[in-house]
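*Asks:* Below you will find the structure I want to go over with you.
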Amino acid sequence: MTDVLVRTDAAAPAPSDAPAGTPRRRGRWRGWWKHLLLIGFGLTMLYPLLWMIASSIKPDELIFREPGLIPTALDLGNFAEGWNALGQPFSHYLINSAIVVLGSVVGNLISCSMAAYAFARLEFRGKTLWFGIMLLSIMLPIHVVIVPQYVLFARLEWIDTFLPLIVPKLLATDAFFIFLMVQFFRGIPRELDEAARLDGCGHVRIFTRIMLPLATPALATTAIFTFIWTWNDFFSQLVFLTSPENYTVPLALRSFVDATGDSSWGSLFAMSLVSLVPIFLVFLFGQKYLVKGIATTGIK
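Rendered as structure tokens:
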């Protein structure tokens, strides 16, 4: 009797083998489907960029005649032609954009961090009211304020200079970055401030020696977003810059498009590809700080 029971138990299949395989297989297939959907969505998002790359090395007459990604004929001269097609070499417009971007980044880092420290650490009359007004300004579209700004800058004789694009950044006009840094500063323990005060530090030293070093992710996020938004900005630069020698990259790219329809599309796509290189490099080397800054800002 014992032998029969032993043989019966030995011959019986393990109870965990049969049911375990099916859910595991289903989970594996779900994982494959998710990856395939993500790959398909990624390729869909990348298609315009891939089409622009393919169009930058095609002759003009084939760009819209052959919508595929594989060109039947190559014209690498689009880059040389586009570089010298306008009144100045394209490097001139890259330098103009770099000046505006550098001034905007430095202005936002200095002014927005100081305003954020004031809202996060200082106590003053009307603090809640001013913080609410600052948040409300985020909802104002640029089209509402562009006319008063133009009138003001025209009276200051700043039109057709880089000053209207840089000076407002020094006055903490980007409320989004102020709010971003306020949330980050509020997450820093106040015990660090109290310890610094015991050592005789004032607000200036606390801000420069403690807050700024700890706020590196938030500062990097501000710098990256400011760089991308300013580099791609077209509307405000179109309003305030009128001379071709002061054009930035977006305005220079617009100059390739002729109102009569006779446009150099190959050169346009070639220079558009060149203009994407700085944004790609900034995002490539700063994505670690960008993700960390956004993640840690929303913790509190």
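Here full-length UniProt numbering is used: the first residue of the sequence shown is 1, the next is one more, and so on. We put the beta carbon where it would ideally sit given N, CA and C, even for glycine. Since the model is a prediction, treat every value here as computed from it, not as a measurement.
Which of the three DSSP states is assigned to CYS112 in this structure?
*Replies:* Looking at CYS112 - three-state DSSP - the assignment turns out to be helix.
*Asks:* What span of residues does the alpha helix (DSSP H) with GLN183 cover, start to end?
*Replies:* Its alpha helix (DSSP H) spans residues 175 to 186.
*Asks:* Rounded to a whole number of angstroms, what is the C-alpha to C-alpha distance between PRO217 and ALA73?
*Replies:* Going by the C-alpha atoms only, they are around 46 Å apart.
*Asks:* With burial defined as no fewer than 16 other Cβ atoms inside 10 Å of the residue's Cβ, what is the status of residue 371: buried or exposed?
*Replies:* Examination of residue 371 is not possible in this model, given that the chain is present from 1 through 300 alone.
*Asks:* Taking a contact to mean a Cβ-Cβ separation below 7 Å, would you say LEU290 touches LEU219 in this structure?
*Replies:* For LEU290 and LEU219, no; Cβs fall outside 7 Å.
*Asks:* Would you call the region 272 to 292 in contact with the region 228 to 236, where contact means no fewer than 3 C-beta pairs closer than 8 Å?
*Replies:* Result yes; three or more Cβ-Cβ pairs closer than 8 Å.
*Asks:* If you count every other CB in all the chains shown that lies within 10 Å of the CB of SER91, and 16 or more means buried, which is it?
*Replies:* Exposed, since its Cβ has fewer than 16 Cβ neighbours within 10 Å.
*Asks:* Would LYS288 be called buried (16 or more neighbouring beta carbons within 10 Å of its own) or exposed?
*Replies:* Exposed, since its Cβ has fewer than 16 Cβ neighbours within 10 Å.
*Asks:* Could you compute how far the alpha carbon of VAL204 sits from the alpha carbon of MET181?
*Replies:* Near 17 Å, if we compare the C-alpha coordinates of MET181 and VAL204.
*Asks:* Put GLU123 into one of helix, strand or coil per three-state DSSP.
*Replies:* Three-state DSSP puts GLU123 in coil, outside helix and strand.
*Asks:* Drop a sphere of 10 angstroms on the beta-carbon of PHE41, count the other beta-carbons inside from all chains shown, and report buried for 16 or more, exposed for fewer.
*Replies:* By the 10 Å Cβ count, PHE41 comes out exposed.
*Asks:* How should VAL101 be labelled, buried or exposed, when 16 other C-beta atoms within 10 angstroms of its C-beta is the threshold for buried?
*Replies:* Classification for VAL101: buried.
*Asks:* Please report the distance separating the alpha-carbon of GLU81 from that of ARG121.
*Replies:* Rounded to whole angstroms, GLU81 to ARG121 spans 55 Å at the Cα level.
*Asks:* Nearest CA to the CA of LEU276: which residue from PRO71, MET52, ASN246?
*Replies:* It is MET52 whose Cα lies nearest to the Cα of LEU276.
*Asks:* Kindly provide the ranges of any alpha helix (DSSP H) runs that are 4 or more residues long and lie completely inside the region 130 to 181, ordered along the chain.
*Replies:* Listed in chain order, they are 142 to 155, 163 to 166.
*Asks:* First and last residue of the alpha helix (DSSP H) that includes ILE210?
*Replies:* No alpha helix (DSSP H) holds ILE210; DSSP gives it neither H nor E.
*Asks:* Do the region 167 to 183 and the region 125 to 139 touch if we need at least three Cβ pairs shorter than 8 Å?
*Replies:* Because the criterion of three Cβ pairs below 8 Å is met, the region 167 to 183 and the region 125 to 139 touch.
*Asks:* Express the C-alpha separation of VAL239 and THR208 in angstroms, rounding to a whole number.
*Replies:* Approximately 37 Å between the Cα atoms of the pair.
*Asks:* Beta carbon of residue 302, beta carbon of ALA195: below 7 Å?
*Replies:* Because the chain is modelled from 1 through 300, residue 302 falls outside the range shown and cannot be assessed.
*Asks:* Helix, strand or coil: which one does DSSP assign to SER275?
*Replies:* Reduced to three states, the DSSP call for SER275 is helix.
*Asks:* Could you check which residue in LEU165, GLY87, SER111 has the C-alpha nearest to that of ALA98?
*Replies:* Among LEU165, GLY87, SER111, the Cα nearest to that of ALA98 belongs to LEU165.
*Asks:* Helix, strand or coil: which one does DSSP assign to SER91?
*Replies:* Helix.
*Asks:* If you count every other CB in all the chains shown that lies within 10 Å of the CB of LEU241, and 16 or more means buried, which is it?
*Replies:* The residue in question, LEU241, is buried, as its Cβ has 16 or more Cβ neighbours within 10 Å.
*Asks:* Just to confirm, are ILE178 and ALA116 a CB contact at a threshold of 7 Å?
*Replies:* Cβ distance < 7 Å, so ILE178 and ALA116 count as in contact.
*Asks:* Where does residue 354 fall in DSSP's three states?
*Replies:* Any question about residue 354 goes unanswered here, given that the chain covers just 1 to 300.
*Asks:* Going by DSSP in three states, GLY103 sits in which element: helix, strand or coil?
*Replies:* It is helical.
*Asks:* Measure the alpha-carbon distance for THR260 versus GLY103 and round it to whole angstroms.
*Replies:* Note on THR260: pLDDT 47, under 50, position unreliable in the model; no value is reported.
*Asks:* Tell me which same chain residues have a C-beta within less than 8 Å of the C-beta of ALA215, skipping the five on either side of it?
*Replies:* These residues qualify, in order along the chain: SER113, MET181, PHE184, PHE185, ILE188.
*Asks:* Going by C-alpha distance, which of LEU36, VAL144, MET211, LEU46 is nearest LEU69?
*Replies:* When only C-alpha atoms are compared, the closest one is LEU46.
*Asks:* Under DSSP, the alpha helix (DSSP H) around LEU198 begins and ends at which residues?
*Replies:* Note, LEU198: alpha helix (DSSP H), 191 to 198.
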